[in-house]
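Below: one structure, written as structure tokens.
Number of protein chains: 2
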Amino acid sequence: MSLIAALDPPEGVDGVGWCVNLISSLGNVPKGFKVGLPLVVREGVRGLKDVVSVMSAELVIADLKLADIGYVMSLVTKAVASAGVNTVIAHAFVGTEGALSELSRTCSELGIKLVLVAFMSHPGAGRVMKKAFSDLLSIVKEVGAWGAVLPATMPEVVRAGREYLGSSVKIMAPGVGAQGAEPGDALCAGADYEIVGRLITRAEDPLKAAVEVVRKQGERVRECRGL
Amino acid sequence: MSLIAALDPPEGVDGVGWCVNLISSLGNVPKGFKVGLPLVVREGVRGLKDVVSVMSAELVIADLKLADIGYVMSLVTKAVASAGVNTVIAHAFVGTEGALSELSRTCSELGIKLVLVAFMSHPGAGRVMKKAFSDLLSIVKEVGAWGAVLPATMPEVVRAGREYLGSSVKIMAPGVGAQGAEPGDALCAGADYEIVGRLITRAEDPLKAAVEVVRKQGERVRECRGL
């Protein structure tokens with residue numbers, strides 16, 4: 000149970016309807032669902048609530064990649080929490096004082112899991128984040144975040160993250176499928192969850208695609224652990 | 000005409016109504032209005048459209064501090080552009096390839112001004128952004144951004160930014176008022192616009208407060224330029 004389905008509706012469709020259909024199709028196969036800023040901006044908190052109301056997965060994640068002062072990130076977190084979200088993603092790079100310390104307090108008060116981006120998967124991410132990587136990881140630790148986001152496309156980064164963060168911080172890895180990583184690659188490198196979007200959501204049969212991802216994850220993990 | 004009013008509705012109020020009232024009160028005193036993620040998340044693109052429809056200012060800014068891959072930032076930008084926004088704020092630190100290069104193309108196609116955050120004003124911002132500052136400024140240049148965000152609370156950072164970026168890139172400086180900078184401080188350091196929120200929006204008479212900010216800006220600029 001290491002699959003998180005990323006629900007990013009294509010342009011021009013009814014975002015809420017598209018998400019609700021997918022969530023119903025996928026049932027209990029994903030451990031969690033992740034919605035992003037495009038959906039939230041298009042539909043607002045009311046639309047988000049309609050989407051979240053049909054989810055029964057353990058993790059209900061708002062991936063807004065918050066990167067503002069603490070006051071603003073807290074306001075947004077309160078808004079998405081009111082829609083039933085239980086996990087929020089923010090950027091480690093904004094630092095603690097006046098930013099993530101405050102957000103972390105808000106999350107604790109609301110019972111929200113805080114997950115911090117410590118590296119990204121696109122080619123340009125390295126430019127600034129590579130030099131900052133050790134600072135970003137130490138911010139994740141200092142803030143006491145529940146989890147960190149590290150790219151499945153860079154298993155060596157996931158491995159370094161796991162080593163630094165220890166076993167108590169969850170690692171979520173996006174980049175499986177469309178961006179090139181294979182199911183299970185990041186799990187073998189130490190991630191707890193792999194985030195999969197288009198490979199599942201754009202498949203003709205999303206449930207079948209999701210089951211196939213989970214099967215491949217299991218196969219790959221048994222292989223890399225020599226079982 | 001260097002004032003941008005930041006419209007951040009307090010919790011628990013009708014966000015659209017609160018913004019519309021303020022915009023009407025302030026008339027043509029601000030050169031632009033800036034709305035943030037809390038409003039957009041609460042009200043969605045439909046609420047944003049209602050707010051934007053009553054603005055007659057030159058700059059209509061969505062300050063979502065975008066910090067994602069290019070595809071996601073572009074989707075969000077298209078959504079807010081459809082509501083009438085003409086300026087979008089994103090983070091320089093996500094880098095160019097796969098991120099800001101793509102967003103920049105989307106902005107050009109839509110006739111949207113792209114403004115990149117190159118430093119922030121809260122105490123924890125220094126941790127990562129200080130070391131990354133020269134990279135962040137060079138990303139602003141490479142992307143050909145219309146403007147950059149630099150904190151009014153750190154005039155030396157504004158000055159360094161102006162020196163590096165030259166005169167063709169606009170500089171917007173938040174942090175005036177509640178965060179401690181005085182009106183005109185950032186203008187004297189080389190900024191084109193000062194972003195003012197609570198000092199105006201929480202005043203008993205917002206128009207009077209805005210006029211007073213503009214008066215102080217003029218006074219301070221005449222002083223620092225020795226006029």
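Listed in order, the protein sequences are those of chains A and B. Read in order, the letters of the first sequence are residues 0 to 226 in numbering that gives the first Met the number 0. Read in order, the letters of the second sequence are residues 0 to 226 in numbering that gives the first Met the number 0. Ideal Cβ placement from N, Cα and C applies to all residues, glycine included.
*asked:* So A:E155 contacts chain B; which residues on that side make the cut at Cβ distance below 7 Å?
replied: Within 7 Å Cβ-Cβ: nothing; A:E155 doesn't reach chain B, min ~19 Å.
*Expressed to the nearest angstrom, what Euclidean distance is found between the alpha-carbon atoms of B:T76 and A:E218?*
40 Å
*Can the beta-carbon of B:H90 be found less than 8 Å from the beta-carbon of A:A91?*
no
*At 9 Å on the CB atoms, spell out the chain B contacts of A:P122, in chain order.*
G94, T95, E96, G97 and A98
*Is it true that the stretch 140-158 of chain A meets the stretch 98-112 of chain B, where meeting means three or more beta-carbon pairs spaced less than 8 Å apart?*
no
_Let me see if you follow: with CB-CB separation under 8 Å, is B:M119 close to chain A or not?_
yes
*Any C-beta of chain B sitting closer than 8 Å to the C-beta of A:K215?*
no
*Assuming A:T86 and A:L58 make a contact with CB atoms under 8 Å, what is their CB distance in whole Å?*
5 Å
*Take A:G110 as the anchor and find which of A:K129, A:R197, A:V84 and A:G225 has the nearest alpha-carbon.*
A:V84
*Buried versus exposed call for A:D184 [16 or more other C-beta atoms within 10 Å across all chains shown]*: buried
*So, is the C-beta of B:I68 closer than 8 Å to a C-beta in chain A?*
yes
*From B:L115 to A:E42, what distance separates their C-alpha atoms?*
25 Å
*asked:* Between the alpha carbons of A:V212 and B:P182, how many angstroms are there, rounded?
replied: 56 Å
*Could you say if the stretch 4-22 of chain A and the stretch 45-55 of chain B meet the contact criterion of at least three C-beta pairs nearer than 8 Å?*
no
*Given 8 Å as the limit, is there contact between the stretch 136-145 of chain B and the stretch 156-174 of chain B, that is, 3 or more CB pairs closer than that?*
yes
_Partner residues on chain A for B:V139, Cβ-Cβ distance less than 8 Å_ = The contacting residues do not exist; B:V139 stays about 12 Å from chain A at best.
*Who does A:I138 pair with in a DSSP beta bridge?*
None; A:I138 has no bridge partner.
*Spell out whether any CB of chain A is found under 8 Å from the CB atom of B:E42.*
yes
_Positions along the stretch 58-88 of chain B whose CB lies within less than 8 Å of some CB in chain A_ = L63, K64, L65, A66, D67, I68, G69, V71, L74, V75, K77, A78 and V79
*To which residues of the same chain is A:T200 closer than 8 Å at the C-beta, ignoring the five residues directly before and after it?*
A4, A5, L6, D7 and L21
*Establish whether the CB of B:K33 and some CB of chain A are separated by less than 8 Å.*
no
_What does the Cβ neighbour count give for B:V93, buried or exposed, with the cut at 16 atoms within 10 Å?_
buried
_I'd like to know whether the C-beta of B:G160 is nearer than 8 Å to at least one C-beta of chain A._
no
*Regarding A:F118 and the ligand MG, is the C-beta to nearest heavy atom distance less than 7 Å?*
By its list of ligands, the structure shown contains no ligand whatsoever, and the ligand MG lies outside what it can speak to.
*Between which two residues does the alpha helix (DSSP H) harbouring A:I199 extend?*
R197 to T200
*Just how far apart, CA to CA, sit B:K129 and B:P122?*
11 Å
*Taking the alpha helix (DSSP H) that B:G69 falls in, what are its first and last residues?*
G69 to A80
_Helix, strand or coil at A:I194 [DSSP, three-state]_ = strand
*From B:D13 to A:R221, what does the alpha carbon distance come to, in whole angstroms?*
54 Å
*Along the alpha helix (DSSP H) that carries B:K215, what are the first and last residues, could you check?*
P205 to C223
*CA-CA distance, B:A80 and A:R224?*
49 Å
*Could you tell me the boundaries of the beta strand (DSSP E) in which A:D64 lies?*
Here residue 64 of chain A is Lys; the residue named in the question, Asp, does not match the sequence. Counting along the chain, the beta strand (DSSP E) containing A:K64 begins and ends at L58 to L65.
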